[in-house]
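A quick write-up on the structure given underneath.
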Amino acid sequence: MQKIYHYIPTLIVLIVSLAVTYLAWQHERDIARRDLQSTLDFQLRQTTSRIEQRMAAYEEMLRGVQGLFTASGEVGPAAFTRYIDALKLGADFSGVMGIGLTPIVLPAELDSFTARMRVEGHPDFHVWPDGNRDMYAPFAQIEPPFGRNLRALGFDPLFDHTRRIAMEQARDSGNAVLSGKIKLAIDDDATDKPGFLMILPIYKAGRPHDTQVDRQTAISGWVISIFRMSDLMASLYGEGTDGLVTEIFDGITPSEKNLLFLGASTDGGPAHYTASEVIVVSGHSWTVEIHATTSFEERFSKDKSDLILLAGTVFGLLLTVISWQMATARARAVAIAETMTSELKESEACWKFALEGAGDGVWDWHVLTGELRYSEHWKAILGPAGGADNDGMQGWISHIHPDDLAAERACFEACLAGKTPLYHHDHRIRWTDGTWHWMTVRGMVVAWDADGTPLRMIGTVSDISERRESEERIRHLAQHDPLTNLPNRALFSDRLQTALALAKRNGEQVALMFVDLDRFKPINDRFGHAVGDLLLKEVAKRMRHCVRDSDTVARIGGDEFVVLLPAVGSAVDAALVAEKIRAALARDFFLADQHMDISSSIGVALFPQDGHDAITLSKNADDAMYRAKQCGRNRVQLVRERTDPGPSDTTSP
Amino acid sequence: MAWPPQLLLIAAFAGFASFVNAAEPPDCSRPFTLALHDHGLLYSSETDKGIDKDVSDELIARSGCKVTVSLMPRARIWQLIESGALDFSLSGITNSERDVFASFAWYFSNKYYLLVRNDTGVHQLADFERAPHLRLGVIRSFRFGPGANAFVDGLLERQRVVYAGGLPPLYEMLMADRIQGMIIEPFDYPALQEQSIRAATRIVEFNDPSVLHGLIMSRKSLPANELEKWRNIIVSMRRYGALLNIFRKYFPDDIADTMVNY
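So this is what it looks like as structure tokens:
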């Protein structure tokens, strides 16, 4: 339903644009049709005007003949011929086949009339068609008197109804009258070309013909122009424009029966446009029709409607597509957003699953609001107190080990300030159960405002306690004697170097003692290595009790130990400690239900008096220790021969 | 208020004297041409009679000039009046275009009517306009009153106008149902078939005022002062009843009076 709603505006645009296109197309087509029709009407008017003018000229010509009879009364054949010759009817009158004279002959006069005609040079003259009529009007003369025209001599047009009506109409009005469509008497049976007559009455000279009755009484005959329609039209130069078909019908009804003339078009297909007009020529109606062929339409049509239709449709469809884009943009954006959100959720779920599965927690800090969100795993680590969202960053910081806090904050601020791309710091965090865990925390800024101020920071947190413990254990094993858990030679050497460096900087003294157990080997041989090891562990324990926490006791050989006293006050202080150790080791040992008695020989070297570096100091301390051995064991020997020798330097039981 | 008879007599004499002064005869130093058109009671070529024929006879007689009268289609008459090849014609009406090339001497006034076939069912102009199959027959170049002109022009745009060269073919087409309506004037009924046409048709009026008809004079062939002289002849024909007498030959007296005394 919602989808349909989205399509309604698009549908409206489509319908409106197509409707507008249709209206514009129709409007343009109507205008073009009207233009073409108007052009055709103009052509029709030109044609009818030419016909009317030409027929008026013929009428004038015939009136001239009428005038001849009016002026002269009796006109002989020779005078009639001379008059027609004098008219010099040229090409413009080529439509006139002939001009004839038809005097009225009453039945009583018929024989004498025929006889006279035969005497006057027409031996075969007879009035035809045969038959008794109340009046005859045979062609007594026809000009020019050649060829087929002579065939009309003796023909009585009153015999034919069409001709008779026109002749009577001319007689009654005194005006020129056109006959209807006829087959001309001058044509033989094989010729089938329509023709017509133009008839003008001749009245007896001196007789009034003002009224219809006068005219009917005074009529003496008619002068008749004989026309063949096709020849008449051919004489109208510029008969028509190319691409037009002209038809002329007798009367007001266009039909094949009434067809007077059919002009053939030289080119073009069937006509789509037609114009017609009924003209009145000498009291007779002709219907003139012109038909425009396709070639005329092509030449004169300004019809651009198809172009409008095409352009309008394309534009409309384009508009529809654009409106569809606009109308559905939001829906499509929402759909894309939903897809993206879905993909993001899926992705987040995957990442969450991966991170949670890997034991990592995820945090997301909005800098401006201070809102800090944790993943479920992170909340489980810190608990409600430390991990609640509303505690924010301060809640998190409160869980960081105080010793690690400064470094952690410095690293965090550096990242937030953009100095480092990543925040990565290992520090201890107090879990909700109160235990401290080493955690590695990573983060990065993912959003800034226009000024470059960080807006959002996301990251992960992982518990690395086990890794740290493992690393610590390995490191411890590498630096300590596994039997006594005392620092081994490597760690001791490292601490010696550190102590010397500090002493040099602070102007302090350092004491280095080499301690070797006396008579240890017999015990080892007598009681076995296990007991020997127990003894060594006990020795180490007693030695550690004799020194400060800041001092170092290390085992560097089977029964060899070293002691480092950094920041010792004087040689006397060092000697006192050494003596304390010697005394502690000289006490009886009861181990594994055995009584054991050992002692120790201790050589003491002091920095800076007995050497400025670890090697010199070690060598001198070792030398002193040997001297103590040589002097009877169970003794403390200072490097006295190189320092200030004195009785107190050597102690013995 | 009644005027004393002596005063009326003096006024009449003064009017006549002023008219006589004004009625200088036209210059007859050349023959003139006048064309009639075959148009109902105005002129019928079949009978060689009509109002225009009578008016032209009277006009020619009063002018004392040689005037050749001929018959031609109305459209051709207007063309020749415009070109100056024809001097006069009769029963013309004007418009802005014709005023440019023709001058008129009015002598009657009448209304135009739509003549429609009874079988069309048309009772108002709108009925005719609404029926797309109905065709109107019009004589080419004829103009009418404003309402009738608009009616014709509207139909012309929809290609519903059939042109003819004169009234006879229009009546013939109307009776043959090739056209269903035509615009006529009171004198347009043909003398011979009047009854049969009246029986088959009805009249619908246009809302136009009466339109003046008059002698058409070509401005191109006649100088302005000559136009005035010819116009004075028509004025005198109206003033002294010659025109009324002519119209009374063809119409009942009351209709003739209405047409001439507009």
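Protein chains in written order, with the numbering used here: chain A, 1472 to 2124; chain B, 20 to 281. The C-beta atom is built at its ideal place from N, Cα and C for all residues, glycine as well.
**Request:** Find the residues of chain B that neighbour Gly-1645 of chain A, judging by a C-beta separation of less than 8 Å, and give them in chain order.
**Result:** By 1-based counting over the first sequence, the position of residue 1645 of chain A is 174. By Cβ distance, chain B contributes Asp-67.
**Asked** Quick one: is Pro-44 of chain B near chain A, going by C-beta distance under 9 Å?
**Response** Residue 44 of chain B sits at position 25 when you count from the first residue of the second sequence. No, its Cβ sits nowhere closer than 9 Å to a Cβ of chain A.
**Asked** Under 9 Å, do Arg-2058 of chain A and Arg-2106 of chain A count as touching if we go by C-beta distance?
**Response** Sequence index remark: in the first sequence, residue 2058 of chain A carries index 587 (1-based). Sequence index remark: in the first sequence, residue 2106 of chain A carries index 635 (1-based). No; because the gap between Cβ atoms is not below 9 Å, this pair is not in contact.
**Prompt:** Under a Cβ-count criterion, where at least 16 other Cβ atoms within 10 Å of its own Cβ denotes burial, should Arg-2053 of chain A be classed as buried or exposed?
**Reply:** Counted from its first residue, the first sequence places residue 2053 of chain A at position 582. With 16 or more other Cβ atoms within 10 Å, it is buried.
**Prompt:** How do the region 1973-1980 of chain A and the region 2036-2046 of chain A stand: do at least 3 beta-carbon pairs fall below 8 Å, yes or no?
**Reply:** yes
**Message:** Using DSSP's beta-bridge definition, name the partner residues of Ile-1935 of chain A.
**Reply:** For the purposes of this step, residue 1935 of chain A is taken as residue 464 along the first sequence, with counting starting at 1. DSSP, once it has assigned bridges, lists no residue as partnering Ile-1935 of chain A.
**Asked** Counting only runs that start and end within the region 1745-1817 of chain A, where is the alpha helix (DSSP H) found for 4 or more residues in a row?
**Response** 1765-1771
**Message:** Just verifying my parser: in three-state terms, what is the DSSP assignment at Tyr-1478 of chain A?
**Reply:** Within the first sequence, residue 1478 of chain A is the residue found at index 7, counting from 1. Looking at Tyr-1478 of chain A - three-state DSSP - the assignment turns out to be helix.
**Request:** Alpha carbon to alpha carbon, how far is Ala-1877 of chain A from Gly-1858 of chain A? Give it in angstroms, no decimals.
**Result:** The residue you call residue 1858 of chain A lines up with position 387 of the first sequence. The residue you call residue 1877 of chain A lines up with position 406 of the first sequence. Reliability of the predicted coordinates at Gly-1858 of chain A is poor, the pLDDT of 46 falling under 50, and no value is obtained from them.
**Prompt:** Leu-1533 of chain A: which of A:Val-1916, A:Val-1491, A:Ile-1670 sits nearest, CA to CA?
**Reply:** On the first sequence, residue 1533 of chain A is found 62 positions in, with the first residue counted as 1. The residue with the shortest Cα to Cα distance from Leu-1533 of chain A is A:Ile-1670.
**Asked** With a cut-off of 9 Å, does the C-beta of Gln-1687 of chain A fall near any C-beta of chain B?
**Response** Counting from 1 along the first sequence, the entry for residue 1687 of chain A is found at position 216. No, no contact with chain B.
**Request:** Check distances from the C-beta atoms of the region 1566-1584 of chain A to those of chain B and list, in chain order, the residues that come in under 9 Å.
**Result:** none
**Start-to-end residues for the beta strand (DSSP E) that takes in Pro-2037 of chain A** = Against the first sequence, residue 2037 of chain A aligns to sequence position 566. Run containing Pro-2037 of chain A: 2031-2039, per the beta strand (DSSP E) assignment.
**Prompt:** Do three or more CB pairs link the region 1896-1907 of chain A to the region 1866-1884 of chain A at distances below 8 Å?
**Reply:** yes
**Request:** Compare the Cα-Cα distances from Lys-2008 of chain A to each of A:Ala-1970, A:Leu-1668, A:Leu-2056 and report the closest residue.
**Result:** Residue mapping note: residue 2008 of chain A aligns to position 537 of the first sequence, counting from 1. Closest option to Lys-2008 of chain A, Cα to Cα, is A:Leu-2056.
**Message:** Going by the DSSP bridge assignment, what does Val-1465 of chain A pair with across the sheet?
**Reply:** Nothing about residue 1465 of chain A can be reported from this structure: the residues present for chain A run from 1472 to 2124 only.
**Asked** For the putative contact between Ile-202 of chain B and Val-157 of chain B, defined by C-beta atoms under 8 Å, what is the C-beta separation to the nearest angstrom?
**Response** Counting from 1 along the second sequence, the entry for residue 202 of chain B is found at position 183. Counting from 1 along the second sequence, the entry for residue 157 of chain B is found at position 138. That belief holds up - the Cβ atoms of Ile-202 of chain B and Val-157 of chain B are roughly 7 Å apart, short of 8 Å.
**Request:** Locate the alpha helix (DSSP H) running through Asp-71 of chain B, then write down its first and last residues.
**Result:** Taking the first residue of the second sequence as 1, we reach residue 71 of chain B at position 52. Per DSSP, Asp-71 of chain B belongs to the alpha helix (DSSP H) from 70-82.
**Request:** Measure the alpha-carbon distance for Ser-2089 of chain A versus Ala-2049 of chain A and round it to whole angstroms.
**Result:** Against the first sequence, residue 2089 of chain A aligns to sequence position 618. Against the first sequence, residue 2049 of chain A aligns to sequence position 578. Their Cα atoms are separated by approximately 15 Å.
**Item:** Reduced DSSP category for Thr-2126 of chain A - H, G, I as helix; E, B as strand; rest coil
**Value:** The displayed coordinates of chain A run from 1472 to 2124. Any statement about residue 2126 of chain A would go beyond what the structure contains.
**Asked** Under a CB-based cut-off of 9 Å, is Glu-1499 of chain A close to chain B?
**Response** If you number the first sequence from 1, residue 1499 of chain A lands on position 28. By this cut-off, Glu-1499 of chain A is not an interface position.
**Request:** For chain A, find out if any of its Cβ atoms is closer than 9 Å to the Cβ of Glu-77 of chain B; answer yes or no.
**Result:** Against the second sequence, residue 77 of chain B aligns to sequence position 58. Glu-77 of chain B does not count as touching chain A.
**Item:** Contact residues within the region 1481-1509 of chain A, judged by C-beta distance below 8 Å to chain B
**Value:** Arg-1505, Gln-1508
**Asked** Does the beta-carbon of His-232 of chain B have 16 or more other beta-carbons within 10 angstroms, so that it is buried, or is it exposed?
**Response** Here the question's residue 232 of chain B lines up with position 213 in the second sequence. With 16 or more other Cβ atoms within 10 Å, it is buried.
**Asked** Near Asp-1952 of chain A, which residues of its chain fall below 6 Å by C-beta distance, leaving aside the five closest residues on each side in sequence?
**Response** Residue 1952 of chain A sits at position 481 when you count from the first residue of the first sequence. Only Asn-1959, Arg-2026 meet the Cβ criterion.
**Message:** At the level of alpha carbons, what is the spacing between Asn-244 of chain B and Ala-124 of chain B?
**Reply:** Along the second sequence, one-based indexing puts residue 244 of chain B at 225. Along the second sequence, one-based indexing puts residue 124 of chain B at 105. The alpha-carbon atoms of Asn-244 of chain B and Ala-124 of chain B are separated by roughly 13 Å.
**Request:** Return the Cβ separation of Leu-1629 of chain A and Ile-1653 of chain A in integer angstroms, given the expectation that the two are a contact with Cβ distance under 8 Å.
**Result:** One-based indexing of the first sequence puts residue 1629 of chain A at position 158. One-based indexing of the first sequence puts residue 1653 of chain A at position 182. Going by Cβ atoms, the distance from Leu-1629 of chain A to Ile-1653 of chain A rounds to 13 Å, so no, they are not a contact pair.
**Request:** Please determine if the region 1629-1638 of chain A and the region 1505-1525 of chain A are in contact, where contact requires at least 3 C-beta pairs separated by less than 8 Å.
**Result:** no
**Prompt:** Alpha carbon to alpha carbon, what distance is there between Val-135 of chain B and Ile-222 of chain B?
**Reply:** Here residue 222 of chain B is taken as the residue at index 203 of the second sequence, counted from 1. Here residue 135 of chain B is taken as the residue at index 116 of the second sequence, counted from 1. Going by the C-alpha atoms only, they are around 6 Å apart.
**Request:** Just the C-alpha distance for Asp-1904 of chain A and Val-2002 of chain A, rounded to the nearest angstrom, thanks.
**Result:** Taking the first residue of the first sequence as position 1, residue 1904 of chain A is located at position 433. Taking the first residue of the first sequence as position 1, residue 2002 of chain A is located at position 531. Approximately 42 Å, taken between the alpha carbons.
**Asked** Within 10 angstroms of its Cβ, does Tyr-190 of chain B collect 16 or more other Cβ (buried), or is it exposed?
**Response** In the second sequence, counting from the first residue as 1, residue 190 of chain B sits at position 171. Buried, since its Cβ has 16 or more Cβ neighbours within 10 Å.
**Prompt:** Name the DSSP bridge partner or partners of Val-86 of chain B?
**Reply:** Indexing the second sequence from 1 puts residue 86 of chain B at position 67. DSSP output for Val-86 of chain B lists B:Phe-51 as bridge partner(s).
**Message:** Assuming the contact rule is C-beta atoms closer than 8 Å, Val-2034 of chain A and Asp-2022 of chain A should be a hit. Round their C-beta distance to whole Å, please.
**Reply:** For the purposes of this step, residue 2034 of chain A is identified with residue 563 of the first sequence, where counting begins at 1. For the purposes of this step, residue 2022 of chain A is identified with residue 551 of the first sequence, where counting begins at 1. Contact flag correct, Cβ pair sits at about 7 Å.
**Request:** Show which residues of chain A have a CB atom less than 7 Å away from the CB atom of Gln-178 of chain B.
**Result:** By 1-based counting over the second sequence, the position of residue 178 of chain B is 159. Correct list: Gln-1508.
**Message:** Can you look up Asn-40 of chain B in the DSSP assignment and give me helix, strand or coil?
**Reply:** Position 21 of the second sequence holds residue 40 of chain B. Note that Asn-40 of chain B has pLDDT 42, beneath the 50 cutoff, so the model's placement of it is unreliable and the number below is only indicative. In this structure, Asn-40 of chain B counts as helix in the three-state DSSP scheme.
**Request:** Note down the Cα distance separating Val-1546 of chain A from Lys-1559 of chain A, rounded to an integer number of angstroms.
**Result:** On the first sequence, position 75 is the one that residue 1546 of chain A refers to. On the first sequence, position 88 is the one that residue 1559 of chain A refers to. Taking the straight line joining both Cα atoms gives about 19 Å.
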